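First to last, the sequence lines map onto chains P and U.
Taking the working numbering, I'd label the letters of the first sequence as residues 7 to 161.
Taking the working numbering, I'd label the letters of the second sequence as residues 662 to 1161.
Each residue gets a CB set at the ideal place from its N, CA and C atoms; glycine is no exception.
Being a predicted model, the structure only gives us computed values, none of them experimental.
I have placed the structure first, in the form of structure tokens, so that the comments after it can refer back to it.
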Amino acid sequence: MLRLLEGPVWIFIGVIISAWSYRTGVGRFNEPGVGFVAFAAGLFIIGVGALVTVFRRPEQQKLKAADATAPTRFLESAPFKLTYTLALLLFYALFLNLAGYIITTFVVLFGLFYNPSGRRWASPLLASSLSVVFTYLVFEVWLKSQLPRGIFPWW
Amino acid sequence: MSILHDLLYGFGVALQPMNLFACFVGVFIGTLIGVLPGIGPVGAMSVLLPATFGMSPVAAIIMLSGIYYGAMYGGSTTSILVNIPGEAASVVTCIDGYQMARQGRAGPALGIAAFGSFIAGTIGLVGLMLMANPLAKFAVKFGPAEYFSLMCLGLSLLMYLTHGSILRGLLMAGAGIFLSLIGQDIVTGRARFTFGLIGLQDGVGLVPLVMGLFGISEVLLNLETPEERMVLSTKIRNLLPNKDDWRRSAKPIGRGSLVGFLLGILPGGGAVISSFVSYAMEKKLSKEPERFGKGAIEGVAGPEAANNAATSGAFIPLFSLGIPPNVVMALLLGALMIHGLRPGPLMITEHPEIFWGTVASMYVGNVLLLILNLPLIGIWVRVLKIPYNILFPLILLFCLIGAYCISSNVFDIYVMILFGLIGYGFRKIDYEPAPLVLAFVLGPLLEQNLRQALILSDGNLAVFVTHPISAVCLFVSVFLLVSSVIPFIQKKRSVLEEDS
């Protein structure tokens, strides 16, 4: 299905880029405007997208269909791992300024080190604590990066 | 004499304590990430780019370069001992290297990989010294039209030489150019394509983009398919290859160095292709081609030499023309620009400390790598046993810190996560992120030169074909693209005809 839509999706993207850059200002050949190159890039994408649509590869659909193998357990399945990791990354971005570097990094690292199917607490706790201390020393103390302190300014 | 004088000056720069330390850190990290499957030199360089902000530009470039060529050395270790390439350029080394290890000859395989890399790296450096400066002097004559056409040629060569579908490569390049245009216009200063977001006023950051496309997406893919790493429990002894090993390897190392260096100069060529070409060439030239795939030392020596020589060759277009021939060099170009330098024909004369300091540091780095990779091989074997579930949180943490530290702005983390997801999706449907990154880096230069050329010629498009250098570059670009698209179309047409 994804392969079928591949070309049209690119054409759509190209149309959006071209229309947007046209509105931004294409200018003339002797005085190219702000959107000149973007307009050309959009047209280029439309052209190549059309080629992809016309000459799409039917044989690859079969290949991808074989990829969909059933996971054994939900907590070990790829979709769960991906969603879980992405959720932790977003949590990091959301709470970094609010809770500060130390707390946010510790929580996210603990989540990443923690193996839901193994259910061990000690080693993830130790690994995340050590990682926070090490990176804090390297980036804040040594490299003088301004890591956010959050609601605990004395950290 | 002038080159010797300049080289001595370079050693004066490279041997300053801070630069020497940067070189050591670079090659050490390079070897480490080369050994560890899951993060390549691009990912590691992008993660560590913010850490170079506090350094001098020379130290920063020395360290980042060290990561690149260090990864080539380290990559062979995993190929030989685990049969998993630490990075893409070591894929070929798996074929005969692992077989040698299984036959109890891991020591000579690792030894010839390190010595071959050292010799090729040194030969490549001599080529770099001899070629970069004359090319830069020639490139001073280039105007906007020549630069625009040269960049088109660079992008076309990348499409032509990289694996995968050329149409997809073109689409990625188009997307990369558009992404590079987000932010303030270089001429008027007007904001464009920013979706009204203040975070995009300065454009999409190179580091979050590369970290997302290479670092985060790589981790997400690896989470999906965890690799089983079985390190061979063989004793590593006799690291020094014997007389017969040297006899068999000498010519492959020489040929690999030459091929690797020349392919490294070409945009899109780089270490990966040169290692494959070297392997194919050695097999073809061998009197006993049947030994290949069964533990032939030539199959290790040639490709390892080629991928290291290619790293030196890749610096030539970057330093002399300001055009990166591959993604790693694109990242180095980005690093130079972040440090306020503009690579191009004048860089070698205006900033000799950067060019000659980097060249000399590579000699020093090659020696350091020989020490790191031979006597200390045991340490790297232990590193190989670190499980991925310990490694990936640390990779993600460095990506998060790296993205934040660029401008102390959480927005860059969001950008990185977004491109991580996009990169993951692209890789799932066989889209290579490399053309996008290269086009992203070249985009602003391409736009600037195109607009300048058009304004100077009063909108006359013929300017691109009336200038001889520009015309040749454009002709070669069109030829490469057409010659690679036509067989694809013909093939698909015949498939469609058969189906109907």
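task: Closer than 8 Å by beta-carbon distance: list the chain U residues that pair up with PHE97 (chain P), in chain order.
output: When 8 Å is used as the limit between beta carbons, PHE97 (chain P) is near no residue of chain U, the shortest such separation being about 11 Å.
- prompt: Does DSSP put ASP73 (chain P) in a helix, a strand or coil?
  reply: Low per-residue confidence applies at ASP73 (chain P): pLDDT is 49, beneath 50, and the placement is therefore not dependable, though the value from the model is reported in the following sentence. In this structure, DSSP gives ASP73 (chain P) a helical state, which the three-state scheme calls helix.
message: With H, G and I counted as helix, E and B as strand and the rest as coil, what does DSSP make of GLN1151 (chain U)?
response: Of the three classes helix, strand and coil, the one that applies to GLN1151 (chain U) here is helix, per DSSP.
field: Spatially closest choice to ILE984 (chain U) from U:MET812, U:LEU1097, U:SER663, by CA coordinates
entry: Ranking U:MET812, U:LEU1097, U:SER663 by Cα distance to ILE984 (chain U) puts U:MET812 first.
message: Would ARG126 (chain P) pass as an interface residue toward chain U - the criterion being a Cβ-Cβ separation below 8 Å?
response: Residue-level contact check: ARG126 (chain P) does not touch chain U, since none of the beta carbons of chain U fall below 8 Å from its beta carbon.
- request: Please report how far the alpha carbon of ASP73 (chain P) lies from the alpha carbon of LEU881 (chain U), in whole angstroms.
  value: Reliability of the predicted coordinates at ASP73 (chain P) is poor, the pLDDT of 49 falling under 50, and the value obtained from them is presented with this limitation in mind. When rounded, the distance between both Cα atoms is 16 Å.
message: So, does the stretch 915-925 of chain U touch the stretch 953-970 of chain U, judging by three or more C-beta pairs under 8 Å?
response: The stretch 915-925 of chain U makes contact with the stretch 953-970 of chain U, as at least three CB pairs between them are under 8 Å.
8 Å Cβ cutoff, ARG1164 (chain U) in contact with chain P: In this structure chain U extends from 662 to 1161, so residue 1164 (chain U) is not present and cannot be described.
field: Integer-rounded CB distance, given that GLY866 (chain U) should sit under 8 Å from ILE1067 (chain U)
entry: Yes, ILE1067 (chain U) and GLY866 (chain U) are in contact; Cβ-Cβ is about 6 Å, under 8 Å.
query: Buried or exposed: which applies to LYS1046 (chain U), given that a residue is buried once 16 or more other Cβ atoms fall within 10 Å of its Cβ?
result: That one is exposed.
message: For a minimum of 4 consecutive residues, which ranges assigned as the alpha helix (DSSP H) are wholly contained in the stretch 778-849 of chain U?
response: Along the length of the stretch 778-849 of chain U, whole alpha helix (DSSP H) runs at least 4 residues long occupy 805-822, 827-842, reported in chain order.
- prompt: Taking only beta-carbon atoms, is PHE112 (chain P) less than 8 Å away from chain U?
  reply: Taking 8 Å as the threshold, the shortest C-beta distance from PHE112 (chain P) to chain U does not fall below it.
field: Strand pairing of ALA774 (chain U), partner residues [DSSP]
entry: None, per the DSSP bridge assignment.
- request: Would you check if the stretch 972-981 of chain U and the stretch 1007-1026 of chain U touch, i.e. whether three or more CB-CB distances between them fall below 8 Å?
  value: Because the criterion of three Cβ pairs below 8 Å is met, the stretch 1007-1026 of chain U and the stretch 972-981 of chain U touch.
query: So which residues on chain U does ARG34 (chain P) lean against when the C-beta distance must stay under 7 Å?
result: Neighbours of ARG34 (chain P) in chain U, taken as residues at a C-beta separation under 7 Å, are given in chain order as GLY1120.
query: For ALA721 (chain U), which beta-bridge partners are listed by DSSP?
result: Per DSSP, none; premise fails for ALA721 (chain U).
Below-8 Å beta-carbon distance, LYS68 (chain P) vs any chain U residue: Bear in mind that the predicted position of LYS68 (chain P) carries a pLDDT of just 46, short of 50, making it unreliable; the figure below should be weighed with that in mind. Taking a beta-carbon distance threshold of 8 Å, LYS68 (chain P) does not count as an interface residue toward chain U.
query: Any idea what DSSP makes of GLN66 (chain P), helix, strand or coil?
result: Caution applies to GLN66 (chain P), whose pLDDT of 48 falls short of 50 and renders its modelled position unreliable; the model cannot decide the point.
query: According to the Cβ coordinates, are ILE157 (chain P) and ALA99 (chain P) closer than 8 Å?
result: No, Cβ-Cβ distance for ILE157 (chain P) and ALA99 (chain P) is not below 8 Å.
field: MET679 (chain U), buried or exposed, once every other Cβ within 10 Å from all chains shown has been counted against 16
entry: By the neighbour-count definition (other C-beta atoms within 10 Å, threshold 16), MET679 (chain U) is an exposed residue.
- prompt: Using 8 Å as the limit for Cβ to Cβ distance, is GLU133 (chain P) near chain U?
  reply: It is Ala, not Glu, that sits at residue 133 (chain P) in the sequence shown. Chain U, which has a Cβ nearer than 8 Å to the Cβ of ALA133 (chain P), makes this yes.
task: Please report the residue range of the alpha helix (DSSP H) in which VAL880 (chain U) lies.
output: From DSSP, the alpha helix (DSSP H) with VAL880 (chain U) extends over 878-885.
- request: Assuming SER24 (chain P) and LEU49 (chain P) form a contact by the criterion Cβ under 8 Å, report the distance between their Cβ atoms to the nearest whole angstrom.
  value: Contact flag correct, Cβ pair sits at about 6 Å.
Unbroken stretches of the alpha helix (DSSP H), 4 residues or longer, contained in the stretch 1077-1145 of chain U: Whole alpha helix (DSSP H) segments, 4+ residues: 1095-1117, 1124-1127.
- prompt: Which partner residues does GLY33 (chain P) have in the DSSP bridge list?
  reply: Paired residue(s): P:PRO38.
message: Strictly under 8 Å for the Cβ-Cβ distance: is THR141 (chain P) near chain U by that measure?
response: Yes, THR141 (chain P) counts as interfacial toward chain U.
field: Rounded separation between GLY777 (chain U) and SER1138 (chain U) - CA only
entry: Linking GLY777 (chain U) to SER1138 (chain U) through their CA atoms gives a straight-line distance of about 34 Å.
Status (buried if at least 16 other CB within 10 Å, exposed otherwise) for VAL801 (chain U): Exposed is the label assigned to VAL801 (chain U), since fewer than 16 other Cβ atoms lie within 10 Å of its Cβ.
- request: Taking 8 Å as the cut-off, decide whether the C-beta atoms of GLY782 (chain U) and ALA971 (chain U) are in contact.
  value: The beta carbons of GLY782 (chain U) and ALA971 (chain U) sit no closer together than 8 Å.
field: alpha helix (DSSP H) segment containing LYS904 (chain U), residue limits
entry: Taken as a continuous stretch (DSSP letters only), the alpha helix (DSSP H) holding LYS904 (chain U) covers 904-926.
- request: Step through the CB atoms of chain U and report whether any lies within less than 8 Å of the CB of THR89 (chain P).
  value: Among the residues facing chain U, THR89 (chain P) is not included, as its CB has no counterpart in that chain under 8 Å away.
message: Output needed in chain order: residues of the stretch 38-59 of chain P with a Cβ under 8 Å from some Cβ in chain U.
response: Within the stretch 38-59 of chain P, the residues whose Cβ lies closer than 8 Å to some Cβ of chain U are PRO38, VAL40, GLY41, PHE42, VAL43, ALA44, ALA47, GLY48, PHE50, ILE51, VAL54, GLY55, LEU57, VAL58, listed in chain order.
- prompt: Cβ of PHE18 (chain P) less than 8 Å from any chain U Cβ?
  reply: At least 8 Å separates the CB of PHE18 (chain P) from every CB of chain U.
message: Our contact map puts PRO869 (chain U) next to ASP1073 (chain U) with C-beta atoms below 8 Å; I'd like the distance itself, whole angstroms only.
response: With a Cβ gap of about 5 Å, PRO869 (chain U) and ASP1073 (chain U) count as contacting.
task: Would you mind telling me which residues of chain P sit closer than 7 Å to ASN1050 (chain U), beta carbon to beta carbon, in chain order?
output: Against chain P, a Cβ distance below 7 Å from ASN1050 (chain U) picks out ASN121.
task: Compute the Euclidean distance between the alpha carbons of PRO1105 (chain U) and ILE838 (chain U), then round it to the nearest angstrom.
output: When rounded, the separation of the alpha-carbon atoms in PRO1105 (chain U) and ILE838 (chain U) is 8 Å.
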